[in-house]
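This report refers to the structure that appears directly beneath it.
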Amino acid sequence: MRILILGGTTEAASLVRRLADHPDYDVTLSLAGRTAAPLALPARTRIGGFGGVAGLAAYLRAHGIEALIDATHPFARVISGNAAAARRETGVPLLAIRRPAWTSEPGDEWHEVDSVAEAVPVLGTVPRRVFLTVGRLELAAFAAAPRHRYLVRTIEPVGDALPGIDVTAIEARGPFDAEQEAALMRRHGVDVLVTKNSGGTATYGKIAAARSLRLPVVIVRQPVLPEVERVADSRAALAWLEAHRATDRGV
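Per numbering that gives the first Met the number 0, numbering of the sequence shown is gapless, rising by one per residue and ending at 250.
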């Protein structure tokens with residue numbers, strides 16, 4: 000069974016590892032290419048986009064793909080939309096792995112917004128020490144608030160995304176647990192966390208740490224994604240694939 004996994008998440012990596020033990024699956028992992036040194040995984044890997052819906056549909060047909068798995072980040076709206084449209088065009092079965100969004104708990108002080116740009120004015124006019132974990136490509140929005148001092152953690156170098164602004168950049172790849180995150184926030188005197196509601200467990204440590212330190216969190220809500228068949232994790236995705244393979248074989 001030929002499978003195309005649209006990846007870049009811990010769920011995608013987990014599914015690839017699960018499928019590596021199943022010789023009946025021929026897996027291709029597709030990555031957007033935003034990380035120069037992605038994790039090595041036991042699957043054929045392609046890097047880069049497809050050229051929109053038409054390009055993805057053409058790829059599915061040309062390579063005889065029998066199942067498409069959207070295991071991209073919850074904020075990857077474009078590729079998720081393209082995957083849903085390509086499914087409609089080609090009829091290739093599509094499954095999305097969509098981790099549940101985080102919800103606030105007692106002790107949390109959340110300020111929810113709909114975009115990174117909307118997070119900037121929430122920081123206010125009084126200078127603060129801001130911990131940014133919104134991704135390297137969205138840092139430029141905070142150039143509009145140069146009064147603050149920023150702690151930025153990314154996988155890739157920040158570069159000149161915030162020129163002339165007080166930035167402490169950390170290059171690190173998680174996951175980080177709550178204790179590690181709390182220690183980092185204390186060490187750098189963080190006043191407020193700005194992040195995306197990525198959901199799942201891999202990056203929840205910073206949310207738990209902010210709660211324990213009683214720090215406010217400016218959090219970007221997950222966008223609305225196409226309504227497609229979905230599961231919450233790689234284990235359920237494997238079960239879905241097994242069911243489809245059995246159906247195809249007439250079992």
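We treat Cβ as the ideally placed atom computed from N, Cα and C, and that holds for glycine.
- Task: Given a cut-off of 8 Å, decide if residue 189 and residue 128 are closer than it, judged by their beta-carbon atoms.
- Result: In this structure, residue 128 sits near residue 189, with a CB-CB distance shorter than 8 Å.
- Message: Quick check: what's the CA-CA separation for residue 137 versus residue 185?
- Response: 25 Å
- When the Cα atoms are used, what is the spatial distance from residue 103 to residue 94? 28 Å
- Message: Under 8 Å, Cβ to Cβ, is there at least one residue of chain D near residue 223?
- Response: Included in the structure is just one protein chain, with no chain D present.
- Item | Whole-angstrom distance between residue 140 and residue 120, CA atom to CA atom | 10 Å
- Message: Taking the alpha carbon of residue 78 as the reference point, which residue from 238, 222 and 244 has its own alpha carbon closest?
- Response: 222
- Query: For the stretch 10–28 against the stretch 41–50, are there 3 or more C-beta pairs whose distance is under 8 Å?
  - Reply: yes
- Query: With distances taken from CA atoms, which of 2, 151, 10 and 215 is nearest residue 109?
  - Reply: Ranking 2, 151, 10 and 215 by Cα distance to residue 109 puts 215 first.
- Task: Would you mind stating whether residue 88 and residue 125 have Cβ atoms separated by less than 8 Å?
- Result: no
- Message: Please give the ranges of any alpha helix (DSSP H) in the stretch 187–248, keeping only runs that are unbroken, at least 4 residues long and fully inside the region.
- Response: 204–212 and 233–247
- Item | Cα-Cα separation, residue 236 to residue 96 | Roughly 7 Å between the two C-alpha positions.
- Task: Give the single residue among 9, 151, 1 and 30 whose Cα lies nearest to the Cα of residue 21.
- Result: 1
- Simplified DSSP assignment, three categories, for residue 121: Three-state DSSP puts residue 121 in a helix.
- Rounded straight-line distance, which links the Cα of residue 191 to that of residue 175: 18 Å
- Message: Quick check on residue 66: does DSSP put it in helix, strand or coil?
- Response: strand
- Cβ pair residue 133, residue 205 closer than 8 Å: Not a contact, by the Cβ cut-off of 8 Å.
- What number of angstroms, rounded off, separates the C-alpha of residue 25 from the C-alpha of residue 37? 20 Å
- Task: Go to residue 10, then tell me how far its beta strand (DSSP E) extends in each direction, as first and last residue.
- Result: Segment 9–18 is the alpha helix (DSSP H) holding residue 10; no beta strand (DSSP E) there.
- Message: Here's the rule: buried if 16 or more other CB atoms are within 10 angstroms of the residue's CB, otherwise exposed. What is residue 69?
- Response: buried
- If you scan the stretch 84–159 from start to end, which runs of the alpha helix (DSSP H) of 4 or more residues do you find wholly inside it? 115–121
- Message: If I follow the unbroken beta strand (DSSP E) through residue 43, where does it start and stop?
- Response: 43–46
- residue 185 - DSSP class collapsed to helix/strand/coil: helix
- Message: Our contact map puts residue 27 next to residue 71 with C-beta atoms below 8 Å; I'd like the distance itself, whole angstroms only.
- Response: Not confirmed; about 15 Å, so no contact.
- Task: Could you check the C-alpha separation between residue 168 and residue 57 for me, to the nearest Å?
- Result: 40 Å
- Going by beta carbon distance, what residues of the same chain come within less than 7 Å of residue 207, once the five residues before and after it are set aside? 177
- Quick one: what does DSSP say residue 5 is sitting in, helix, strand or coil? strand
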